[in-house]
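Protein sequence lines, in the order shown, are assigned to chains E and D.
Sequential numbering of the first sequence, starting at 1, is according to the numbering used here.
Sequential numbering of the second sequence, starting at 113, is according to the numbering used here.
C-beta: ideal position from N, C-alpha, C; glycine also.
Report on the structure given below.
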Amino acid sequence: DAGVTQSPTHLIKTRGQQVTLRCSPKSGHDTVSWYQQALGQGPQFIFQYYEEEERQRGNFPDRFSGHQFPNYSSELNVNALLLGDSALYLCASSPGQGWGHTFGSGTRLTVV
Amino acid sequence: QKEVEQNSGPLSVPEGAIASLNCTYSDRGSQSFFWYRQYSGKSPELIMFIYSNGDKEDGRFTAQLNKASQYVSLLIRDSQPSDSATYLCAVKAGNKLTFGGGTRVLVKP
Chain E
1 DAGVTQSPTH LIKTRGQQVT LRCSPKSGHD TVSWYQQALG QGPQFIFQYY
51 EEEERQRGNF PDRFSGHQFP NYSSELNVNA LLLGDSALYL CASSPGQGWG
101 HTFGSGTRLT VV
Chain D
113 QKEVEQNSGP LSVPEGAIAS LNCTYSDRGS QSFFWYRQYS GKSPELIMFI
163 YSNGDKEDGR FTAQLNKASQ YVSLLIRDSQ PSDSATYLCA VKAGNKLTFG
213 GGTRVLVKP
């Protein structure tokens, strides 16, 4: 049973560019959440998708946007990249209002 | 005041001893509480969750919750070198998890 899968594993982008990260949730999970984890810090909630709609959003600017597809997979888009966007981006899935999140292995984004 | 606070550590523990990790939270509406373990360069892995006051045990791990004091803790008994990692406390209110900064634990042989 595949867990949460994220792609790509690593990514290097230049300031001002745009990036798209992808996530496939664990089988049986229909809710996808995205988190940003800077080095030495805990994950910060970006937003959550359920039934193809953004259900809740954290304190992130509009440069961060997302999408959920009918098969529950999800994308995170970040426009106009800043150096401070360099972080580990984690996707987590859960079965609706289920208790815990299952995390993917993450995408390490470096902005230069 | 941060929403979820943890001592960043490192917490140094001899092998075989008990590691005690603490976490406080500010949102009284928080519904459930989670402990994740994160090895360096890896993603968080769920260890335990708790949502009722009191203790919950799972193997060498015990989670303790006191909602009146807005305090949750994790005990690791018989600590092993493989337990060396960062332990993240997370609090669920509504649909999102709010994480603390994590406590780094070092278990020395």
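- Around E:S105, the beta-carbon contacts reaching into chain D at under 8 Å are K154 and S155.
- At least one C-beta of chain D is nearer than 8 Å to the C-beta of E:F45.
- With 16 or more other CB atoms across the displayed protein chains lying within 10 angstroms of its CB, D:I188 is buried.
- Between the C-alpha atoms of E:L21 and E:S7 there is a straight-line separation of about 6 Å.
- Residues of the region 70 to 95 of chain E with a Cβ closer than 7 Å to any Cβ of chain D, in chain order: L90.
- For E:G106, the number of other beta carbons within 10 angstroms of its own is at least 16, and it is reported as buried.
- Cα atoms of D:N178 and D:T136: separation of roughly 10 Å, rounded to the nearest angstrom.
- Identification of chain D residues near E:R55 by a Cβ-Cβ cut-off of 7 Å yields N207, ordered along the chain.
- Within the same chain, Cβ atoms closer than 8 Å to the Cβ of D:E115 are found at Y137, S138, D139, V203 and T210, the five residues on either side in sequence being excluded.
- In the structure shown, the three-state DSSP call for E:G84 is helix.
- Closer than 9 Å at the C-beta level to chain D, one finds these residues of the region 16 to 50 of chain E: T31, S33, Y35, Q37, G40, Q41, G42, P43, Q44, F45, F47, Q48 and Y50.
- Listed along the chain, the chain D residues whose CB falls inside 7 Å of the CB of E:H101 are L209.
- D:G212 has a beta carbon lying within less than 8 Å of a beta carbon in chain E.
- A check of alpha carbon separations from E:T5 across E:N59, E:Q44 and E:V32 identifies E:V32 as the nearest.
- Your pair D:D170 and D:G128 does not check out as a contact, with CB atoms roughly 19 Å apart and the cut at 8 Å.
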